[in-house]
Structure formats: C-alpha cells, structure tokens
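Shown next, in structure tokens, is the structure this report addresses.
In our numbering, the protein residues as written are 365 to 1621.
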C-alpha cells in the first residue's frame, strides 16, 4: 500500500509523543497497525511490550487479527534465520499481548493486584440489572436512615427538591444522576466535596468572580450580535425598499445595541445591569399612508425580533440586582452541600454493598485501577499524581502506549494512561478524530483531545501533532459537499472547534471508471450506471394545513404530542420518498464499487442504509412503508422490548401468579389467547361479583350459584385450575424454568410463531427466558424480585432492545442510528429525519443541572411560597449544556455524512407549506455574506440538522430554489474566503405527490386487506401442490423410538426386553416416577443403582499393588473417605470380605500380576440399527454406542482379559451370564476393533459374593 506523507510520518516517527488527528476514512486503523508492525519487525519492542487500548472489543480483535496476518506473512517471506525466530516468537506472544479495551486492561490489573484494595480475588463484573436493584436498595436504606436522623439540613433538602408532589423518587434520581456524573471524575468524593464551595461566595465578591460569569457573558454577547445583525438587515431593507422613514428609529436602536455591546467589554456586571435597565427602544414611526405591507412588514418583523431578544435577556438577568443574585446563590449552598453529602454517602454505601457481594461495575474497574497506580491519589507539590510502584513497573514493561479513539476518553481513563505512559520517553501514541466524538452522554470528554491538539505544536521536540486528512472512502463529490457544509457551520466559539484547512477532507485516489454493463432484462443492455452524481437534498413539504385535520379535542393536546404526530407522518413521507429513489436506482441497473473485490457489481439492497438520529420513534413506520414497496428492510431498535405485545402478556401472566388480585393484568390474560375469553365473557364474569375484585368474581363464577351458562363456567373452572397449578409450581421452579413451563402449558410460544413477524415474537419470548436466567445468576432470586426489577426498569424509563433475527449478510436495507453506524461505511447513504428537533431536555428538566467544569446549576427554592426560579448558576450551566449538546449534534451530523462511499442523499421534512417560507427566510438570511463561516449566534440558534444544512446550501449556486421560497427577495453573494467545488441537487418535494404513492401501495395489497377485513381469500392455483406437501409423511424406516445415541447399559436392557417378549419395546409416553435422592447419605439406605455406583467407585480406586486382605482393604476405603471419594456414612455398606475374596481368587491374582491394567476405560463405536431392532429397514442406519469398561488388563502372557463388576443380588451363574452376555460382547468387540487384537477371556465379577463367572465369546 502506498502511504501518504502524513501517514508515513505517523508510522515511522519515533522518540516522541504523537497525537494523530485522523479524519473520517483516513485509514487510521491501518496506520496504527502498520506502526505496531514496524515497531515489532524493527526489534524496537516485542508484541507483549505494547499496550494498545481500543474503544471496543471488536476493534481489539480486528487489530489482533491484522497483526497476526502481517506477522504470518512476514514469516513466510523472510529467509533470515534470526529474524524468523523473532517473528515466530512474536506470534506466540501475540495471544498474551495487551491489545484490549480500557475496561479489560483495568480488569487484568485488578486480577493481579486485588490484595492492594482488599478485593475478593473471585470478584466479577455485575450486570446492569443487578446493579440497578442494588442501587435502589441502597438508596431506600440511606433515605430511611437519614429520615430517622431527622437533621434540619436533610429535611430542607428533601422539601426543596422533593416535596409532596415530586416525592422521594425525584430525589433518588437526583442522587443517582450526580453519582453517575461523579464517576467520570478521577476522584469522585473529592469532586463532590468541592461542588458546594462555589456557592459560598464571600462578601465583597461579585458575579464576575464566579465560574459561571463568562458563560453568561458569552450568551449575552451572542444575543446582542444577533440583534445587531438583524438591525443591519432592517436598515439595508429600509434603504432598498425606500422606507427611509424608519431609518432614524433603526439608527437609534443600533446605538442602544452598541452601548450594550460596549458594556460587556468593561467586565463589570453592574455596568451591564445599568445599561440594560436604563436603555429602551423608542416607538417606531408610522409609515406614510399608502405604504404597502410588503415594505413595512419585513422591517417590522426584524425589529420586533431583536427587541424580543433584548427583552428576554432583561427579564432573565436584569430584573434582580447583582447582590440579590449573589444572595440567591448563597442561599442554595446549604441545600447543595446536603445533596453532595448524601451522594457521597450513597457512593460509600453502594461501594460497601458491592464489596459484600464481591462484585464491581465498570466505573469501579477504572477507579480501582487508578487507586492502585497512584497510591490512592497521592500527588506531588504541583498537584500531579505520583506513580505507584505498580505504575512504575508498568512503565518499564510497556515501551509504547497506543490509544485508539482517543477523543472518546474521560478524565479517569486519561489519568490512568498518563500514569502508565512515560511522556519524557516519548512513548505515547494517541489517534482519534474530535469531529467524531459523539459519546458525551457516556461522559466522554473531547476537551482532552482538543487540549493536546492545541498544545502539542508548542511543547517542544518530544511532542508532535499529525493531521491525517486524506479520505480513502468517499467519492470526491461527497467530500466537497461535506466540506462546504462544515466550513460554514463548524465554528470554534460555540461548536468547540473550527473546520479549517487541517480539518477538511481531501480525496484520495479516485474511483475507477465502470466498464461493466448491467443487464436489466434479457432484451436490453444499458450503458454502465454508477452512483456517482451530486449530493441530493430533498425537502419534503406537507401541503396539508395545520388545522385541516384537527378536531376540537385535538386542540387541547400538547405541543409535544403534535410534534410526535408530525414526526410519524413525516417519517412515512420520507420513507416513501426513499423507497421511490431506491426502486429507481435499482431499476436502472446501477453498479456499485465493491471495496473487497475492487470491481463493480450490481447494486443490492444491502448497499443502502437509512441513518436516523434516533430510530425508536420512527423506525417501525419506515419499515412498514418499505415493506409495502416490496423493499426488504431491517431496523435495529433500542427499546420497545417491554412494550411488545407478547412480552406484556407474559409479564401480566407472571404478575397474576405472584398476586392474582390485579384486575388489569388478570383481565389482559383472560382476554389473551392464554385465557381464551371474549369481552362479553369478561363482562358476564364481572357481573357475578360487581363489588369485588376480578379474581374474586372469577372464583365465584365457577360455582353453581353464579348463574353463568355451563360452557362458560367450565372454561372459568379450567382456567382457575391451571392458574392454581401454575402458582404452586412458581414456588418450586426458578423464573426461567417457570417461564418455559408456561410456554409449554399454554402453547403461547407456538401461537405467536404463527403470527405475522412470528420469528421475532418467538425470539422476544426466548429473550425473556434469557433475561430471567441472567437475573437469577445475581444475588436476587424469585418471581417477586424479578417482577419488581421489571417494574423498576419501566419506572426509570429504561427499556431493553427487542430481539434481533437478522444477520449482517442479509440482503436488506438497514435502518440504524447514526451512533451505531460509526466505523461503518455504505455505498448509498440516506440521512433522514433531518428536520427533527434536537433533544435539549438535559438543559431543562432536572431540578439541579450538572456540568463537569461548572459544577451544579440549581433552582432557588423558597419554601414559604413555595416559589422556585433559576439561579445565575443554573442559567450558566443550562447555556453551557445547550452549547455542548449542539456541538455534539454537529459532530453526529458529521459522522452521518461521512458514512457514504458513493452516494449521499439527505432527506428532511421541512414542515407545513404555509410555514416553509418563514423557515427558508431564516436559512437565507446570510446568503449575501461573503464570509464563509456563519455567525456563531446563527449556528447556535439552529434547532435541527436541517437548519444547519439549509443555511449552508442556500449559499450554494444550486440553492436558488431556497432563496426563491423565502419571504424576502435576496441575492446570493460569492464567498470570498472559501473555494467551493461541490455539486448539489436540491428539491422541494410536495407531500401530496408522495402520499399518492403511499395510497397506491396500500391499495395494491388486496390479499392483506382481505385478511384485515376477515374476508375469505380466493383459492390459489397452487392449492393442490401445497396440500400435497403439507400432507407428506416420511417413511420412518422402523427407526421410531430408536435413539441415535445409546449407552451399552440401555442396549443390554432393550435386548433383554426383546428376548423376554415384554410389552412395548420402546416406551415413549407415560409418566415416570423418580425416586427422591438420598442427599447426604442419611438413613444409610441405597437403591441398587446407587449401591452399584458406590461399589464401582471403590473398585476403581483400590491400589492393587501390595497386600489386599480385609484389613488392608478397610484401610484403603477409609482413605477414600478422607479424600472425599466416597462418604464415610456408606463405609459399613461395603462388602469388604467379598472384595477380598475376589482379589484372593486366581483371576484377582492374575490381575495383580498383570503387565498393564486399565480401569474405567471409556469407548464409543457405531452399531447397525438392525442389530437392535429387527423392524429397521435397510442396512445403512447405525446407532452411536458409548460405554465404560470396568477393567481391561494384559496378563503375564500378554493376553487381553476383560472384567466387568456386577452388584446383582441374584448371583446364579447361568442367569447372570444370560443377563449380561450382550453387554460383554459389545465390550469385547469394541476392544478388538479399537486395539486390533483379540480379547482372550471375559469375566463377570459378582461383588455380592466375590464369585467370578467366565463368559464364552
């Protein structure tokens, strides 16, 4: 492979700490692997002297596989004997190399150093289910204890953030959220203890001395910049439209806004406060009579917009004096101190609960490792962590430390890596792309990458930053379009980084021309068609009026419900548009370039993917539309498991087994296929006892006095009998065993298998068993605890993913979230639901907001009112969260667009037609600007991906369609500081045109419509053939009842039954009664089978070298009891005298003198099935036979002697020989076949009397 200059530098550079900023598709994994190979092949280090940290286990395995392939290839190519030995040694070392995730690495450290932390060496990583239950129990115990103590500070805390309306549940969530947030800090307790200090503001200090001041200042600055921009635009429009009469007002407004902007520069909050309080906008002069509205209204709208922005700022920040705002902050300090204290107590109690159960969670792995490597957080005079002896050992062991996906690390992981790496040796190699850091919800900290990115070029020769910006994945046109968007919207101030020349994507080698032709049918052969072409943006506009389909009752619905309905309708329209494009692409025989074979091939469904920000709400709608278009599709949906109908019914059944007096759940089961009742049946049952609960009514319905008709009463009795039976066995069986038993008894598992989507429904039911089994592996047991766990999951809005029934190789269109697509690539990518609003609830909902740097953002709660309002800190933290959330959303969009190899199609619902012009107006506000980067306030104001894309593409020459749609006529300026070569196809698609396709597809499926309407279906032309196939019966060849695998003992029993002409030879049906085992040997009574096992165990373990009289045998048997081979209680049952009699016999003496003795010798072989049953047809069928030979020894003459021990009470030689002859024959034949030599003699040893029975072969 030909490496670029930057790639080669990243591979070859030595003796310095490297930060590699690898853009999407730049081959970072290949570079990382090649660097490792170079280090190993050059002799700089061995494979086990590398620490390679990956983000996922799959990435670690892939890297290990690539290394193995490269080393194997090097072994095959080298002729140097010394090098060959070294390479072979590396292959051996590779299996133990530290190529793993950070969690796996930490776990390996703890396994070795568990004693340093008083950790149980058998600790395990608990699953999420178990941890949630423990957390809940610890929280309840903690709050109960705190209520019992009754401290005023705790009660004030609960009143402020809990109260009668919220209850303790909101407090639990608050503590849990703060606990989880603290786990991203290297030392959580230390961080928690410092949070409330920011609110203990000394007298004489001002808001400018708080950590929140600069964030608020930035918010106000952006708002003023936006207002100034709108004022400038209003002045330009006034001049252009001849509205000079507005100019004086607009100039006065600008002077006010400029004075507000100047007040920010002075840095005094009091000055800013005075400016906002004392300045006010004048009344707008009246326009001359006859001035058209199209002249007045745009200017008025702009002025009203910036006046509202300034008014909102005034109401938010300048209704209180600075001292009053400081008093609000001070007033929250005691409550916040209690919150952090309770959280710290929870952390300690939770840790103790986990320690007691010898379990850890993933954050424990990292924090415990950090404690070990830093001697529990010891620091030097400059505050840096001091490496422990263990850390120094690891520094000596690992000559190079490599970190993949470095942008997704957090503070704890960074501290661990810094303690292991040796910066002074220049042995840290970190690779990642901060533009693809999309895991802030997992508390990843992209600022760690950004800090190094900006610092490394200035830290000296031991540090170097390398940018890998050449993209080897996508066509040039896609890269140009991506660059065009992000050069405008990814601005450093609010979006955390700028999209400069170093960040841009540059095309690698171009795709080869396609010379392969695709035959669409037997008659036509078209010229090659590929996916190459402009990036498409389809804006779907719903022409239906907002109120046309809304009834009076609809008007009371919330905005959120309306948004959800719009999202679902928009998803259906988008899905139909995508289906149309897919059919068009496939219909014209499009060819795609195969990245594996490096050749073109016809487009397949699997080449396309539909990416969504979130699949949960719209994926099912899209799947249904694609199905109606005969396009196979699959969506991996997170959540929805507990809402699946089959799961809800089974959980309802389990719930009434635990407590039958739950009317809703009992009614659900009765109306399901399990209960088999109709609504009319249920009404009749309910009327039997209208004042009682449903279960009581059900019980009374089975009596003669109920008055129900006999048929219904009998069904009620049958159901209550089954319910009683299930409740009884629920006390004996584990939850997974109970669930399987319910599947068998009800037939519900088989029933759902026959429904539409039956495979998925059955997979969900199997998953219920698996999750119950996983639950039972924890320290929690029982049906009640399992149901309680499920309810907790639901209460916390934590659903599980539904089962998956699709493999990666299936030829289907995939619908997946953008997060799951990271690291993947597809020839054709649709990015849909671009118009969906960002979810910024994290900045709104919690009573106390949390931020890594700014700390807590609380409400001020006055209990006397009660009144609550946001503090200065809360406003700052909320603004920071909004800013960081939108910065992450931008990176998510970047990840989505960079998944495309050959074709990128962007699809978004742009809302109702009557509002689209206003939206286009906002997008086109900056079309006349010649500066590439959009204003920060404009980027920050975006509420969806479509807002960013719309603002960007409206400035492209293909964006005239958007400018034409805007309310105000505008011109498009030429961007002077950016050279654009992107190619776009932008279309506004009426929703009505797409809906026609939807209706058409629905009407085509006449058979499905008939099924839905329960109408008879027409007789198909394949009916006879289908019936023949369904009635087919296979010839059993006489093999029914004969297992494919059989023990010799079973074979002997069957042969004996056949000789005695006993009743059915192969009994299949009938109840089997099992004897209760005699656990612990109490009562000293054994069944014949158990006695046989005991005697065989004794004979197997007797040392036959030396004297074997009764005394010696008793001594050996006592030794077996001491070694726990057998139980001491059974020693009196052993017939020692008969064993001694056997060993004193001639055969026993021959065995003691034998050259070789084999005991308990297992074997297996195949026997013809006809030898077992004469009813078997044909000679080809065979049965697999397994057995264990008690003794096979070679005597002094070298002959093989076979011996089998028997504990039969009937020791008559003739009868015993007849009973066991077949078994011994099978043993002898097996020995002769396997060893290839004859068995000279065969014997039975009757341990009841010590006699020996010779058997003739």
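Yeah, the Cβ is synthetic: ideal placement off N, Cα and C, and Gly gets one too.
Residues that DSSP places opposite residue 1348 in a beta bridge: 899
Secondary structure at residue 1606, three-state DSSP: helix, strand or coil? strand
With H, G and I counted as helix, E and B as strand and the rest as coil, what does DSSP make of residue 828? strand
When burial is assigned at 16 or more other CB atoms within 10 Å of the CB, is residue 453 buried or exposed? Counting the other Cβ atoms within 10 Å of the Cβ of residue 453 gives fewer than 16, which makes it exposed.
Straight-line Cα distance separating residue 1058 from residue 1050: 6 angstroms
Just the C-alpha distance for residue 1344 and residue 1214, rounded to the nearest angstrom, thanks. Approximately 41 angstroms between the Cα atoms of the pair.
For residue 1434, does the count of other Cβ atoms within 10 angstroms reach 16, so buried, or fall short, so exposed? For residue 1434, the predicted model reports a pLDDT of 38, less than 50, meaning its position is unreliable; a value from the coordinates is still stated below. With fewer than 16 other Cβ atoms within 10 Å, it is exposed.
Residue 773, buried or exposed, once every other Cβ within 10 Å from all chains shown has been counted against 16: buried
Since residue 724 contacts residue 487 with CB under 8 angstroms, what's their CB separation in whole angstroms? 6 angstroms
Burial state of residue 879, where buried means 16 or more other Cβ atoms lie within 10 Å: Exposed.
Outcome for residue 586 when other beta-carbon atoms lying within 10 angstroms are tallied against a minimum of 16: It is buried - the Cβ of residue 586 has at least 16 other Cβ atoms within 10 Å.
Under DSSP, the beta strand (DSSP E) around residue 462 begins and ends at which residues? 462-465
Please name the residue in 709, 857, 1340 and 858 whose C-alpha comes closest to that of residue 510. Out of 709, 857, 1340 and 858, 709 has the C-alpha closest to the C-alpha of residue 510.
Helix, strand or coil for residue 565? Go by DSSP, reduced to three states. In the structure shown, residue 565 sits in coil (DSSP, three-state: anything other than H, G, I, E or B).
Among all the DSSP beta bridges, which residues are the ones paired with residue 1215? 1219
Taking only the alpha-carbon atoms, compute the straight-line gap between residue 1472 and residue 1574 and give it to the nearest angstrom. 26 angstroms
Keeping to the same chain, check which residues put their C-beta closer than 7 angstroms to that of residue 421; ignore five residues upstream and five downstream. 465
On the CB-based measure, 16 or more other CB atoms within 10 Å of its CB, does residue 1566 come out buried or exposed? Under this definition residue 1566 is a buried residue.
Would you decide whether residue 818 is buried or exposed? Buried here means 16 or more other CB atoms lie within 10 Å of its CB. Residue 818 comes out exposed.
Within this structure, are the beta carbons of residue 1336 and residue 1294 separated by less than 8 angstroms? no
Alpha-carbon spacing of residue 1028 relative to residue 862, whole angstroms: Cα-Cα distance, rounded: 56 angstroms.
Taking contact to mean 3 or more Cβ pairs, one atom from each stretch, closer than 8 angstroms, check whether the region 1179-1187 and the region 972-987 are in contact. yes
Give the straight-line distance between the Cα atoms of residue 1492 and residue 1613, rounded to the nearest whole angstrom. C-alpha of residue 1492 to C-alpha of residue 1613: approximately 23 angstroms in a straight line.
Can you give me the start and stop residues for the alpha helix (DSSP H) that residue 1314 sits inside? 1309-1317
Let me know the secondary structure DSSP gives residue 1005 once reduced to three states. coil
Among all the DSSP beta bridges, which residues are the ones paired with residue 749? The partner list for residue 749 (beta bridge, DSSP) reads 743.
Contact check, residue 1198 vs residue 1271, beta carbons under 8 angstroms: yes
Does residue 1320 pass the burial test, meaning 16 or more other C-beta atoms within 10 Å, or should it be called exposed? buried
Go ahead and pull the three-state DSSP assignment for residue 1611. Taken through DSSP and simplified to helix, strand or coil, residue 1611 comes out as coil.
Buried or exposed, going by whether 16 or more other CB atoms sit within 10 Å of the CB of residue 1282? By the neighbour-count criterion, in which 16 or more other beta carbons inside 10 Å mark a residue as buried, residue 1282 falls on the exposed side.
Residue range of the unbroken alpha helix (DSSP H) whose run includes residue 522: Here the alpha helix (DSSP H) through residue 522 covers 516-525.
In the DSSP assignment, find the alpha helix (DSSP H) that holds residue 1180 and state where it starts and stops. According to the DSSP assignment, residue 1180 belongs to no alpha helix (DSSP H) but to the beta strand (DSSP E) extending over 1177-1181.
Proximity of residue 869 and residue 387 at Cβ, strictly below 8 angstroms: yes
So, residue 463 versus residue 424, is the Cβ gap smaller than 8 angstroms? yes
Touch check for the region 626-636 and the region 577-594: three-plus C-beta pairs under 8 angstroms? yes
Where do the N-terminal and C-terminal ends of the beta strand (DSSP E) with residue 1269 fall, by residue? 1264-1276
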